[in-house]
Amino acid sequence: MSAFLQQLPALIGVVIGALGSYLAVVRGDQARFRREQAARWEERRLAVYADYAQSLKRSVTLTYRVAAHFGNDPNPHPLSPQEAEPLLTEAQLARDPVGEALILLGSTEVVQKAQEWVLTVVEMERFLRDGTHDPAAWRALVERQLAGRRGYYAAVREDLALPPGHSARWSVPQP
1 MSAFLQQLPA
11 LIGVVIGALG
21 SYLAVVRGDQ
31 ARFRREQAAR
41 WEERRLAVYA
51 DYAQSLKRSV
61 TLTYRVAAHF
71 GNDPNPHPLS
81 PQEAEPLLTE
91 AQLARDPVGE
101 ALILLGSTEV
111 VQKAQEWVLT
121 VVEMERFLRD
131 GTHDPAAWRA
141 LVERQLAGRR
151 GYYAAVREDL
161 ALPPGHSARW
171 SVPQP
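Here the sequence shown is numbered in full-length UniProt numbering, starting from 1 and rising by one per residue.
As structure tokens, then:
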């Protein structure tokens, strides 16, 4: 019995070491799982943010072309309202599911900025459906749309902890 008592401290040390090692591995695995899960959700949010921006930009590009038809925009590829109607409808239908994903996965700030941007785009579409010829009013809508876009991208960058990006303002030389 005395041999057992002499080896008991070593045995207790081995048990404590094994338990400590097990706990360290479990905690490390949990931390790694949380990091990987956060990275997956961040990738999904980035994909949804980009998809939403692309779908909205498609509508914006179509509005520029229709505005050129009415003489409101200098876009070199005018499109009549009749030709644009099915394309605008298709763009809006494609925008809706991406918008729902944005609401589901996006931060409150990003969703709010997306809403501001899309409401301006809807105003642009309404402006064109009315057949308005007012280049100054159109320019004001375009500036609001660009500000909404910049606000959206800034909110996305902040949400994903990305560095500040390009302002997206291009200077186009006049012919």
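Idealized CB from N, CA, C, for every residue including glycine. All figures in this text were calculated on a predicted structure; none of them were measured in a lab.
Taking Cβ positions, are residue i and residue j nearer each other than 8 Å?
{"i": "Trp-117", "j": "Tyr-152", "result": "yes"}
{"i": "Lys-113", "j": "Ala-155", "result": "yes"}
{"i": "Val-60", "j": "Leu-79", "result": "no"}
{"i": "Thr-120", "j": "Gln-145", "result": "yes"}
{"i": "Ala-84", "j": "Leu-62", "result": "yes"}
{"i": "Asp-134", "j": "Asn-72", "result": "yes"}
{"i": "Arg-157", "j": "Gly-148", "result": "no"}
{"i": "Val-122", "j": "Asp-159", "result": "no"}
{"i": "Phe-70", "j": "Gly-131", "result": "yes"}
Thinking just about the alpha-carbon of each residue, which of the options is nearest to the one in residue i?
{"i": "Gly-52", "options": "Arg-144, Ile-103, Pro-164, His-166", "result": "According to the sequence provided, residue 52 is Tyr. The question's Gly does not apply to it. Ranking the options by Cα distance to Tyr-52, first place goes to Ile-103."}
{"i": "Arg-126", "options": "Tyr-49, Pro-81, Val-14, Leu-160", "result": "Pro-81"}
{"i": "Pro-97", "options": "Tyr-49, Pro-74, Ala-68, Val-60", "result": "Tyr-49"}
{"i": "Ala-161", "options": "Glu-43, Leu-88, Gln-30, Val-14", "result": "Glu-43"}
{"i": "Glu-90", "options": "Gln-37, Ser-55, Pro-9, Ala-3", "result": "Ser-55"}
{"i": "Leu-88", "options": "Leu-128, Ala-47, Glu-158, Val-142", "result": "Leu-128"}
{"i": "Arg-95", "options": "Phe-70, Glu-123, Gly-131, Arg-58", "result": "Arg-58"}
{"i": "Ala-101", "options": "Arg-150, Trp-138, Ala-137, Arg-45", "result": "Arg-45"}
Over what stretch of residues does the alpha helix (DSSP H) that includes residue i continue unbroken?
{"i": "Leu-160", "result": "Run containing Leu-160: none; DSSP gives neither H nor E here."}
{"i": "Thr-63", "result": "2-69"}
{"i": "Asp-130", "result": "No alpha helix (DSSP H) holds Asp-130; DSSP gives it neither H nor E."}
{"i": "Gly-165", "result": "No alpha helix (DSSP H) contains Gly-165, which DSSP labels as neither H nor E."}
{"i": "Leu-79", "result": "Per DSSP, Leu-79 belongs to no alpha helix (DSSP H) and is neither H nor E."}
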